[in-house]
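These notes concern the structure reproduced below.
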Amino acid sequence: MKQTVVPNRNAIFASILYGYALSISIREDSDVIIALGVHSGDHEIYPDCRPEFYEALGKAFHIGNWDSHRVSFHLPYIDGDKESILKDAEISLKKLSLDFDTIFKNTNTSYNPDSRGRSSGRSGADIERILAFHSIGKKDPLEYVGGWDMALKHALRVQLEWSESNE
Numbered sequence: 384m385k386q387t388v389v390p391n392r393n394a395i396f397a398s399i400l401y402g403y404a405l406s407i408s409i410r411e412d413s414d415v416i417i418a419l420g421v422h423s424g425d426h427e428i429y430p431d432c433r434p435e436f437y438e439a440l441g442k443a444f445h446i447g448n449w450d451s452h453r454v455s456f457h458l459p460y461i462d463g464d465k466e467s468i469l470k471d472a473e474i475s476l477k478k479l480s481l482d483f484d485t486i487f488k489n490t491n492t493s494y495n496p497d498s499r500g501r502s503s504g505r506s507g508a509d510i511e512r513i514l515a516f517h518s519i520g521k522k523d524p525l526e527y528v529g530g531w532d533m534a535l536k537h538a539l540r541v542q543l544e545w546s547e548s549n550e
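The opening residue of the sequence shown carries number 384 in the working numbering; numbering runs sequentially from there.
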């Protein structure tokens with residue numbers, strides 16, 4: 384998955400979000416919490432998904448901005464994985480009376496969807512997503528090139544090969 388690393392990506396996103404949040408905080412005279420979905424499944428490949436990155440980034444924002452004590456990060460999945468995100472989503476969407484499949488059909492983890500928005504099911508991010516849905520006993524409502532069954536079969540094969548190579 385190292386081919387999907389974009390240098391400084393999360394710092395750039397967080398900087399834009401932080402600037403906007405700080406503007407809202409000042410305008411509304413209120414605290415603002417920025418929630419991000421970074422998770423531990425990304426720690427190994429993406430150094431900007433680690434707790435220490437957000438601690439350092441938060442410190443830099445606090446040092447470099449007036450009124451920065453009014454803005455903070457909320458990282459609910461920093462020690463979780465995609466499976467924990469899906470489990471949390473199931474609970475939250477049920478409480479909100481929202482349909483799980485409708486919501487997740489409108490998300491896309493793929494770094495290279497085709498012209499119709501379908502995921503190949505072959506990238507590391509796709510495989511993590513597919514395995515997370517499988518682990519909670521759900522079919523991913525996202526459309527995959529070749530269909531869900533083929534995407535799941537491939538993901539399970541990759542998982543098995545990875546497990547065998549790390550024994």
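Beta carbons: idealized from backbone N, C-alpha and C, even for Gly.
Span of the alpha helix (DSSP H) around residue i
{"i": "V541", "result": "530-548"}
{"i": "H517", "result": "507-518"}
{"i": "T485", "result": "483-488"}
{"i": "E466", "result": "465-478"}
Cα-Cα separation, residue i to residue j
{"i": "E550", "j": "I399", "result": "42 Å"}
{"i": "K536", "j": "C432", "result": "28 Å"}
{"i": "F464", "j": "G507", "result": "It is worth fixing the name first, because residue 464 is Asp in this sequence and not Phe. Taking the straight line from one Cα to the other gives about 14 Å."}
{"i": "D532", "j": "V454", "result": "44 Å"}
{"i": "D509", "j": "E435", "result": "26 Å"}
{"i": "G441", "j": "S413", "result": "18 Å"}
{"i": "S475", "j": "S498", "result": "31 Å"}
{"i": "L458", "j": "Y437", "result": "9 Å"}
{"i": "E511", "j": "A394", "result": "23 Å"}
{"i": "V421", "j": "Y460", "result": "6 Å"}
{"i": "S406", "j": "V415", "result": "10 Å"}
Option in the options with minimal Cα separation from residue i
{"i": "I519", "options": "F483, P430, S408", "result": "F483"}
{"i": "G424", "options": "F396, K488, D462", "result": "D462"}
{"i": "P390", "options": "E411, A472, H422, Y429", "result": "Y429"}
{"i": "R410", "options": "A443, G441, D450, V421", "result": "D450"}
Residue i vs residue j beta-carbon contact at 9 Å
{"i": "S503", "j": "V528", "result": "yes"}
{"i": "L514", "j": "L543", "result": "no"}
{"i": "L553", "j": "F456", "result": "Any answer about residue 553 is impossible in this case: the structure gives the chain only from 384 up to 550."}
{"i": "F501", "j": "L469", "result": "Per the sequence shown, the amino acid found at residue 501 is Arg instead of Phe. Cβ atoms of R501 and L469: not closer than 9 Å."}
{"i": "I417", "j": "A439", "result": "no"}
Per-residue DSSP class, three states only, for residue i
{"i": "Y460", "result": "coil"}
{"i": "Y401", "result": "helix"}
{"i": "S451", "result": "helix"}
{"i": "S502", "result": "strand"}
{"i": "Y437", "result": "helix"}
Endpoints, the beta strand (DSSP E) within which residue i is located
{"i": "I417", "result": "415-418"}
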